[in-house]
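Participant: This is the structure I want to talk about, given as structure tokens.
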Amino acid sequence: MFKKSLILSSLVCISMFGFSGCSNQEAEFKIATLTEENSRLARQVQVLKATLDSLNAHNQAMEHSLKSLDMK
Numbered sequence: 002m003f004k005k006s007l008i009l010s011s012l013v014c015i016s017m018f019g020f021s022g023c024s025n026q027e028a029e030f031k032i033a034t035l036t037e038e039n040s041r042l043a044r045q046v047q048v049l050k051a052t053l054d055s056l057n058a059h060n061q062a063m064e065h066s067l068k069s070l071d072m073k
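Numbering (my numbering), first residue to last: 2 to 73.
Below you can see the structure in the form of structure tokens.
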């Protein structure tokens, strides 16, 4: 979901710069910059998802340990 909104916001920014009267070179530079930023953010999202999955697995293991010790 976040990835779709990120792509959509990039496209909106691209279209805004396209209609603002910039030269083609400026618009192409901005598109390249936004594409690079989009890729960077997408990688960060993947890292955050992996971290969240790891934390959830750790949480489940801790809950299981507490249940086995009858502390929960």
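Heads up, the beta-carbon is just placed ideally off N, CA and C, and yes, glycines get one too. Please read all numbers here as calculations on a predicted model, not as lab measurements.
1) Just checking my contact of V46 with K4 at CB under 8 angstroms: how many whole Å lie between their CB atoms?
2) Could you pull the start and end residues of the alpha helix (DSSP H) that L70 belongs to?
3) Could you tell me whether the Cβ atoms of E38 and S69 are closer together than 9 angstroms?
Facilitator: Quick answer:
1) That pair is a contact at about 6 angstroms.
2) L70 -> no alpha helix (DSSP H), and no H or E assigned at all.
3) Between E38 and S69, the CB-CB gap reaches or exceeds 9 angstroms.
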